[in-house]
């Protein structure tokens with residue numbers, strides 16, 4: 001195992017291979033803080049992308065364990081680099097100069113665990129308020145008492161500083177184009193953006209700390225609230241992480257139901273994006289056409305899950321309810337209906353001269369930059385990289401299904417648009433095949449009422465509508481997870497935005513923002 | 526007596542146009558609604574027919590919020606400038622034979638002058654709001670209106686040359702006696718430039734950059750509320766009606782039609798104006814928005830050269846045919 005790791009991160013460095021227990025991590029090694037930079041530089045030159053940076057607080061040992069999770073676009077291979085830091089004075093050189101996109105992950109880990117990333121390009125807080133004391137994800141964190149209701153000091157209107165340029169535009173947190181409570185401070189020169197600085201955390205709920213205080217079952221409904229547009233994918237990732245860790249079996253019928261509902265969820269998310277993106281570009285009609293068809297998906301999902309948006313349908317070892325023939329029949333009808341509607345979607349938008357002018361050559365991401373920032377999902381596939389978790393780490397029954405991964409050519413907004421539109425068609429294909437082959441049988445295997453996951457770590461990915469959604473679960477054999485990290489696709493995807501927005505017209509920056517298909521609560525968690 | 530007649534005419538035109546503006550909003554919501562697989566207003570009155578009245582009452586009673594950093598006097602004046610210049614343009618429009626409040630010889634120039642004045646209202650509202658979105662919207666609008674005013678003016682030069690007059694009534698008469706009956710056929714280039722410039726001039730999709738919702742929130746009137754906001758709204762819709770009227774008068778033969786409708790001399794004029802208005806809505810329901818630099822490029826690099834070429838072409842043909 002260590003030879004494989006050395007191959008990736010280079011010789012001459014001190015590594016201690018860690019046991020790999022097949023829960024989604026293929027290579028794992030421990031190194032020391034001083035060697036991490038060299039290892040990661042090697043990883044960068046090998047074309048690996050940084051999935052996430054996170055940490056675990058081992059209170060009894062007096063150590064903080066820092067994780068670098070590296071993925072590979074070409075090979076199904078996930079590498080975990082673990083570094084033990086002293087809890088009293090955790091310091092490590094920043095790698096934000098090697099992987100520029102890691103800056104945000106470092107900022108997040110830094111503020112949650114109190115780890116000092118030295119020489120970081122940006123060491124401001126990312127998600128937490130500036131006046132919070134302590135590090136919330138450390139095990140000995142005591143939340144301070146909430147201040148009495150009401151504003152503690154009178155609100156004073158603060159003019160944003162105009163230091164960098166003469167004109168600062170404060171976009172959001174309430175703005176029609178930011179799709180949620182995202183705030184971007186734009187330093188402008190006329191209509192041109194000199195620098196964009198996203199401010200996150202308006203919707204931050206500390207979901208990862210909540211997870212540590214919940215049993216595995218209790219946490220399930222919370223996962224749907226992170227990305228309300230692909231709630232079932234979040235269900236899936238959480239359920240699968242626990243299943244892998246505990247070794248639960250899932251009956252085949254349940255897997256088929258999971259795939260059918262997941263893909264319906266993906267289509268509904270893409271249809272909403274289709275409308276919202278065109279709305280960002282000033283086209284109003286596609287939004288309502290997309291919504292009308294999405295409504296039918298919501299009706300279908302309501303039939304099986306009982307809810308229309310924040311589903312909580314998957315269970316450990318299966319799903320909550322069985323589907324009946326009527327649902328399957330109606331789903332097939334919907335597949336035919338949407339197939340007949342898609343050409344009119346293209347008629348309305350795809351060939352439009354104004355649409356092409358607004359999106360072609362705008363916000364170009366190349367493969368290498370994507371790897372720097374850990375871009376995944378349709379945003380990555382628009383750049384011609386066919387990396388899809390459903391193919392790379394086939395979960396559920398995706399390995400048995402016949403579908404393609406659409407890729408774009410130019411990496412611009414237009415490619416990302418085309419990729420998503422083709423993905424709708426592929427999802428329809430998947431649904432058809434799954435309905436055709438769905439077996440009879442049980443929908444849930446027997447699992448213990450109180451789930452105690454054995455000690456270990458699992459990193460389980462699913463392909464959400466926005467990209468690689470990875471749940472990293474650390475268990476110490478308790479009823480509650482010791483640490484649960486959600487690696488959310490929008491977080492990494494948005495982190496490239498300041499780079500793309502530089503020197504662009506404000507209209508283009510909003511087209512870029514729209515083409516990312518962001519869901520802000522997912523980023524804030 | 527003469528004065529009284531003029532006052533009555535003003536009242537009639539003003540009343541009819543205001544009613545049209547109110548129902549233009551209703552018409553827009555219905556048309557776009559059906560294009561977007563929904564119903565449009567349905568609640569107030571049968572098929573929502575009383576919706577514009579409800580809207581008017583609501584806007585009238587809404588709180589009038591004025592931002593603290595705004596420049597008050599200019600902030601008050603800006604919507605009035607927009608509205609007054611739009612309404613005054615109505616004075617020279619001949620709705621049917623012999624019916625114009627003021628049948629002046631420089632009708633077309635007068636309309637251009639007033640529509641340029643309206644852009645002052647837009648720029649001033651953006652400036653006086655002391656808000657960055659409004660400011661950007663005002664800047665965009667001034668640049669856009671100035672560029673497209675040139676294209677629009679040039680596109681109508683061909684019509685002036687053929688009619689030999691700037692008087693709107695004379696232009697209609699000249700069309701009636703011309704061989705094609707309407708100028709749309711000989712002046713198709715001019716008509717094309719006019720239609721595109723018309724959309725830009727009234728800040729409608731796909732040139733609605735000054736009020737681009739997803740970029741600038743609401744553009745120059747971001748900070749306006751209640752009745753002051755409604756004044757901008759009125760000005761925009763009256764602007765649409767006026768542009769449609771000019772299009773009808775200059776290219777579609779004004780009030781003349783294939784046959785005479787007894788008792789309704791304005792029948793064809795109104796029908797043609799409705800067609801134009803419908804076209805506005807149709808475009809809005811179909812197209813996304815241009816980008817600022819693309820809009821400028823289209824105006825300066827395509828429309829103005831086309832309009833100039835049209836002038837040369839018209840002049841050449843006119844001089845050859847004598």
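Chains as they are written, first to last, in our numbering: chain A, 1 to 525; chain B, 526 to 847.
Ideal Cβ placement from N, Cα and C applies to all residues, glycine included.
Note that the structure is predicted; figures quoted are calculated from it, not measured.
Item: Contacts that residue 354/A makes with chain B (C-beta to C-beta distance below 7 angstroms); Value: 731, 812, 813 and 815
Item: Short-range partners of chain A found in the region 627-657 of chain B, where Cβ spacing is below 9 angstroms; Value: 657
Item: Closer than 7 angstroms to chain A by CB, residue 556/B; Value: no
Item: Same chain, Cβ closer than 8 angstroms to residue 157/A, five either side skipped, listed in chain order; Value: Confidence is the limiting factor: at residue 157/A the pLDDT is only 48, short of 50, which leaves the residue's position unreliable, though a coordinate-based value still follows. If we look at residue 157/A and ignore the five residues flanking it on each side, it has no Cβ neighbours.
Item: Best match in 349/A, 265/A and 244/A for proximity to residue 285/A [C-alpha to C-alpha]; Value: 349/A
Item: Cβ-Cβ distance between residue 463/A and residue 488/A below 7 angstroms; Value: no
Item: 7 angstroms Cβ cutoff, residue 669/B in contact with chain A; Value: no
Item: Every unbroken alpha helix (DSSP H) within the region 441-516 of chain A, with a cutoff of 4 residues, ordered by chain; Value: 489-495, 497-501 and 506-515
Item: Collapsed DSSP secondary structure at residue 727/B in the structure displayed; Value: coil
Item: Under the three-state DSSP convention, the category residue 393/A falls into; Value: coil
Item: Any 3 or more C-beta pairs closer than 8 angstroms across the region 89-96 of chain A and the region 172-180 of chain A; Value: no
Item: As assigned by DSSP and simplified to three states, the class of residue 842/B; Value: helix
Item: Per-residue DSSP class, three states only, for residue 624/B; Value: strand
Item: Cβ of residue 562/B within 7 angstroms of any chain D Cβ; Value: The displayed structure is made up of protein chains A and B, and chain D is not among them.
Item: Backbone secondary structure at residue 118/A - three-state DSSP; Value: strand
Item: Buried/exposed call for residue 590/B, threshold 16 Cβ in 10 Å; Value: exposed
Item: Whole-angstrom distance between residue 822/B and residue 667/B, CA atom to CA atom; Value: 16 angstroms
Item: Sequence-distant residues of the same chain with beta carbon closer than 6 angstroms to residue 741/B, five excluded per side; Value: 658, 661 and 662
Item: Own chain partners of residue 510/A with C-beta closer than 6 angstroms, once the 5 adjacent residues on each side are dropped; Value: 177 and 280
Item: Cα-Cα separation between residue 797/B and residue 777/B, rounded to whole angstroms; Value: 8 angstroms
Item: Residues near residue 551/B by beta carbon distance below 6 angstroms, same chain, minus five either side; Value: 576 and 577
Item: Contact set for residue 831/B: own chain, Cβ-Cβ below 7 angstroms, skip 5 residues either direction; Value: 714 and 718
Item: Backbone secondary structure at residue 834/B - three-state DSSP; Value: helix
Item: Below-7 angstroms beta-carbon distance, residue 47/A vs any chain B residue; Value: no
Item: Coarse secondary structure for residue 818/B, derived from DSSP in three states; Value: helix
Item: Separation of residue 221/A from residue 129/A, as counted between CA atoms; Value: 26 angstroms
Item: Residue interval of the beta strand (DSSP E) (run including residue 170/A); Value: 167-171
Item: Contacting residues, own chain, Cβ-Cβ under 7 angstroms from residue 683/B (five flanking each side not counted); Value: 712, 715, 835, 836 and 839
Item: For residue 92/A, the residue or residues it bridges with in DSSP; Value: 117/A
Item: Endpoints, the alpha helix (DSSP H) within which residue 320/A is located; Value: Neither: residue 320/A is in no alpha helix (DSSP H) and is coded neither H nor E.
Item: N- and C-terminal bounds of the beta strand (DSSP E) containing residue 73/A; Value: Here residue 73/A belongs to no beta strand (DSSP E), and DSSP marks it neither H nor E.
Item: Integer Cβ distance of residue 243/A from residue 317/A, believed to fall under 8 angstroms; Value: 7 angstroms
Item: Residue environment, residue 807/B, which counts as buried when at least 16 other CB atoms sit within 10 Å; Value: exposed
Item: Residues that residue 818/B contacts on chain A, provided the C-beta gap is smaller than 7 angstroms; Value: 505
Item: Spatially closest choice to residue 290/A from 269/A, 356/A and 308/A, by CA coordinates; Value: 269/A
Item: Proximal chain B residues relative to residue 508/A, where beta-carbon distance stays under 9 angstroms; Value: 816
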